[in-house]
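For the protein sequence lines, the chains are A and B, in the order given.
First residue of the first sequence: 1, per our numbering; consecutive thereafter.
First residue of the second sequence: 347, per our numbering; consecutive thereafter.
Quick reminder that beta carbons are idealized off the backbone N, C-alpha and C, glycines included.
Note that the structure is a prediction, hence the values are computed from the model and not measured.
Scroll down for the structure; my scribbles are underneath it.
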Amino acid sequence: MENNKKNIPEGESPKPAAPKPKPVEKVKKEKPKPQIFLLSSSPHMATVDNVPKIMWTVIAALLPAVTFGVYNFGFSVLLTITASVLAALATEAVVNKMRNKEITVSDGSAVLTGLLLAMTLPPGFPKAYAALGSIFAIGIGKQIFGGLGYNIFNPALLGRAFLQASFSVKMTTWVAPNTIDAITTATPLGSYKFENIMTPYFDLFMGNIGGCIGETSALFILIGGIFLLIKKYADWRIPVSYLGTVIIIGGLFWIIDPSQYPDPVFHLFSGGLLLGAFFMATDMVTSPVTPKGAWIFGFGAGVALVVIRLFGGLPEGVMYSILFMNGFVPLINRYTRPKYFGEIKK
Amino acid sequence: MKLKSFKKGVHPEEFKNYTEHKSLERLPIPEQVFIPLNQHIGAPCKPVVEKGQAVKTGEVIGTSTGFVSSRVHASISGTVKAIDTFPHPLGMNSLMIHIVGDGNDEWVDTVTGESDWEQLSGAEIIDRVQDAGIVGMGGAAFPSHVKLTPPKGKTIDTFVLNGCECEPYLTADHRMMVERTQDVVSGTRILMKALGVSKAVIGIESNKPDAIEAMRKEAASFNNIEVIPLKVKYPQGAEKMLIKAVIDRDVPADGLPLDVGVVVNNVGTAIAVAEAVTRKKPLVERVVSITGDGIKEPKNIIARIGTPFQNLIDFCGGLSEKTAKVIMGGPMMGLTQHTLKVPVVKATSGILCLTDFSIIKNKEYPCIQCGTCIGVCSMSLLPTRLARFAQVENWQMAEELGILYCVECGSCAFVCPSKIPLVQQIRIGKMCVNEIKRKEKLETA
Chain A
1 MENNKKNIPE GESPKPAAPK PKPVEKVKKE KPKPQIFLLS SSPHMATVDN
51 VPKIMWTVIA ALLPAVTFGV YNFGFSVLLT ITASVLAALA TEAVVNKMRN
101 KEITVSDGSA VLTGLLLAMT LPPGFPKAYA ALGSIFAIGI GKQIFGGLGY
151 NIFNPALLGR AFLQASFSVK MTTWVAPNTI DAITTATPLG SYKFENIMTP
201 YFDLFMGNIG GCIGETSALF ILIGGIFLLI KKYADWRIPV SYLGTVIIIG
251 GLFWIIDPSQ YPDPVFHLFS GGLLLGAFFM ATDMVTSPVT PKGAWIFGFG
301 AGVALVVIRL FGGLPEGVMY SILFMNGFVP LINRYTRPKY FGEIKK
Chain B
347 MKLKSFKKGV HPEEFKNYTE HKSLERLPIP EQVFIPLNQH IGAPCKPVVE
397 KGQAVKTGEV IGTSTGFVSS RVHASISGTV KAIDTFPHPL GMNSLMIHIV
447 GDGNDEWVDT VTGESDWEQL SGAEIIDRVQ DAGIVGMGGA AFPSHVKLTP
497 PKGKTIDTFV LNGCECEPYL TADHRMMVER TQDVVSGTRI LMKALGVSKA
547 VIGIESNKPD AIEAMRKEAA SFNNIEVIPL KVKYPQGAEK MLIKAVIDRD
597 VPADGLPLDV GVVVNNVGTA IAVAEAVTRK KPLVERVVSI TGDGIKEPKN
647 IIARIGTPFQ NLIDFCGGLS EKTAKVIMGG PMMGLTQHTL KVPVVKATSG
697 ILCLTDFSII KNKEYPCIQC GTCIGVCSMS LLPTRLARFA QVENWQMAEE
747 LGILYCVECG SCAFVCPSKI PLVQQIRIGK MCVNEIKRKE KLETA
């Protein structure tokens, strides 16, 4: 509060002018120093939460899934993650400098973007390209809008969309887990879409499957995601409505024709849905601020996801479903203003 | 049983332990007092004494012809030394009557012993309340006789006594309910009679079990007074929230409690009313909690109105060296003071002294659209948007989004993880919007 002088017409209490000691007086009277008090506008209390704390907590919540990714795909993905995070930090610092703003690398948001981006990349993805994705994510996805808090689209997903568009082959080359020489394999969604092969549920849940670095293990993503919900750093309405919509709409199609459409459990645990639902769609900056808006946002993303997965040309649609709904956030916010207490019906 | 409450709100740490079990202590009569002529909402008083005049305790020294106003009384006996401007705890310098005491504390002879109030009519009760200069003592300082005189066409059916004391640290109301239970209840009954209502509810937060028990015991003999324990939540003591919590009525956003047939009064006001009506004792003293980590011996004090803060702080062992803020009121809505020369006024519920350690010095970050402020706003406004519109001076949008309905409780700024001074910006915005509306009104008139 005290550091925001520009917005509050107030100042610290003016120091009382010190009385000039008369030179003739030999004995100086020792006056007790008048205590100087801070002046500020209420409230004088605040919670201990702050932006860096939120960002670093989200990063901590991602660590189980990251650790499993490294275990699953080998040491090399750690380098991919490092490249992505460092590029994000460097871009943030450079753009801050260019805009003559304070360097904001320590608030954790750039680290989070770099980490999230890396988690959505295939394990064998070239490290330089990963870094390029981060540069795009921070530079174009976030800083160009004015930095933290002002971006419309989730920067990590925007970075991924950039890579998908630029290096579509590399972005869809998958290696099997625990292989020393990268043996190409297919992701569960890919096998289903193009070969109609189901992956066993247990493998889907544990993550012993092909897929992106940090997306394969439902279990470890859930651990981190639920931790975030308990800490209230993610709005529970978004994963609930997003996943719920996918289960219900995906389930409806499955009931209509089980031979053609996958069941809702498969929908839930395959691809990047859980990571997207708990960590990307819940990004505070790019999701609605109102409770009702959060429901609409999750529902819209769920519908978009099922449509892309079942009828689109791509096997996976988490990224586009969230980016698509990000674009609607200002509109959703506007139309879901809560009724104020005692609002008179007009 | 699930405790009643209102929707949304916040849970600040309570810090009541400094003073919640400390009995009321009477401050020795001060040597001098500074009695402001504006201690209430409404027209300030005009002095009716002159410099050099001798006054007795309880003598009227300032009155006003306006109805929405409240007279002031000498709180010690002595001589008027000056009528001049002195620092006021609201932050400005204002006209005060400076009385130097004679040390005798000689009261005016109109103050009587206990008398039976039940023969008095409602109008007579309201007259006595007005004569005693009683205002809302929870902090708003709205003249009580005005509150007790609802405009024609409004019927009041319920009286609500506010014993929430939802501000952290403060315990004045709590101690009054424990130690002066009888006066609180008779004050409630007097106020019921003045309003002509047959039902009263007393809302007390559940962190004061001893007060709930004492009040229940005392109110048990009157079947039309109900004590309702409430869930601890801020800002439950705000009139609209309290009414929602105890009798589940929604006061219109731009309306007053009387629009839903309710009048709310604070515990301290009830005691003052009881004294004024039964003994014709004017409001010359009040309970003040001196608390916080910046004071050596926190206490609940009964102090004369007009006593400089310094006297109360000295009585509590003085400030610790690290004290950085002295606040009149609680930490959520209180006002910081620049000097300890300011006097206790009718609305001084506490003096909170905070050290360096307990002061927030967080860096401000950009709004990350987390929506936490929206989730806690007890009026269901959009604090982040209102603050933004106030900052960019878009008054039209600010008004459209209900900036004038903000009750300034500060919950938004309390929870904001970006440490944006939301309520502060909204407060300025409210002032500007009101100013614009006032000017428009003048132009059209």
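{"query": "Under 9 Å by beta carbon: chain B residues contacting residue 92(A)", "result": "Per Cβ cutoff of 9 Å: no residues; residue 92(A) is ~14 Å from chain B at best."}
{"query": "Range of the contiguous beta strand (DSSP E) that encloses residue 432(B)", "result": "424-433"}
{"query": "Min CB distance residue 47(A) to chain B below 8 Å", "result": "yes"}
{"query": "Segment contact, 8 Å Cβ cut-off, at least three pairs: the region 710-725 of chain B with the region 447-466 of chain B", "result": "no"}
{"query": "Contacting positions in the region 419-453 of chain B - beta carbon closer than 8 Å to chain A", "result": "none"}
{"query": "Closer than 8 Å to chain A by CB, residue 773(B)", "result": "yes"}
{"query": "Against chain B: residues of the region 85-113 of chain A by CB proximity under 9 Å", "result": "104, 107 and 109"}
{"query": "Assigned exposure category for residue 279(A) - 16 Cβ within 10 Å defines buried", "result": "buried"}
{"query": "Presumed contact (8 Å Cβ cut-off) between residue 677(B) and residue 44(A), rounded CB distance", "result": "4 Å"}
{"query": "Inter-residue Cα distance where the pair is residue 20(A) and residue 647(B)", "result": "Below a pLDDT of 50, predicted positions are generally treated as unreliable, and residue 20(A), at 49, falls in that range; the measurement from the model is reported next regardless. If I take the Cα positions, the gap works out to 39 Å."}
{"query": "Those residues which DSSP pairs with residue 441(B) across a bridge", "result": "431(B)"}
{"query": "Reference residue 614(B), options 751(B), 685(B), 511(B) and 494(B), closest by Cα", "result": "511(B)"}
{"query": "Beta-carbon contacts of residue 53(A) that lie in its chain and below 8 Å, excluding the five residues immediately before and after", "result": "none"}
{"query": "Cβ neighbour criterion (16 or more within 10 Å) applied to residue 213(A)", "result": "buried"}
{"query": "Residue from 320(A), 286(A) and 277(A) whose Cα sits closest to the Cα of residue 62(A)", "result": "277(A)"}
{"query": "Reduced DSSP category for residue 674(B) - H, G, I as helix; E, B as strand; rest coil", "result": "strand"}
{"query": "Where residue 22(A) falls, given that 16 or more other Cβ within 10 Å makes a residue buried", "result": "Caution applies to residue 22(A), whose pLDDT of 48 falls short of 50 and renders its modelled position unreliable; the model cannot decide the point."}
{"query": "Where the alpha helix (DSSP H) through residue 76(A) begins and ends", "result": "76-98"}
{"query": "Whole runs of the alpha helix (DSSP H) within the region 713-742 of chain B, excluding any shorter than 4 residues", "result": "718-722 and 729-737"}
{"query": "As assigned by DSSP and simplified to three states, the class of residue 512(B)", "result": "coil"}
{"query": "Interface residues of chain B facing residue 339(A) [CB-CB closer than 8 Å]", "result": "726"}
{"query": "Test: residue 50(A) CB closer than 8 Å to a CB of chain B", "result": "yes"}
{"query": "CA-to-CA distance, residue 67(A) to residue 296(A), given in whole angstroms", "result": "33 Å"}
{"query": "Residue 520(B) in three-state terms, based on DSSP", "result": "helix"}
{"query": "Cβ separation of residue 319(A) and residue 160(A), assumed to be a contact under 8 Å, to the nearest whole Å", "result": "6 Å"}
{"query": "Neighbourhood of residue 573(B) by C-beta distance below 7 Å, restricted to the same chain and skipping five residues each side", "result": "548, 550, 558, 561, 562 and 565"}
{"query": "Contact check, residue 401(B) vs residue 394(B), beta carbons under 8 Å", "result": "no"}
{"query": "Residue 759(B) at chain A interface by Cβ criterion, 8 Å", "result": "yes"}
{"query": "Any C-beta of chain B under 8 Å from that of residue 199(A)", "result": "no"}
{"query": "Residue 37(A): contacting residues in chain B (beta-carbon distance under 7 Å)", "result": "670, 671, 672, 682, 683 and 684"}
{"query": "Assumed close pair residue 93(A), residue 114(A) - CB separation to whole angstroms, cut-off 8 Å", "result": "Not confirmed; about 12 Å, so no contact."}
{"query": "Alpha-carbon to alpha-carbon, residue 568(B) and residue 545(B)", "result": "10 Å"}
{"query": "Among 583(B), 761(B) and 467(B), the one whose alpha carbon lies nearest that of residue 540(B)", "result": "467(B)"}
{"query": "Burial state of residue 367(B) (16 or more Cβ within 10 Å)", "result": "exposed"}
{"query": "8 Å contact criterion, which residue 316(A) and residue 189(A) should meet: CB distance rounded", "result": "5 Å"}
{"query": "Burial state of residue 260(A), where buried means 16 or more other Cβ atoms lie within 10 Å", "result": "exposed"}
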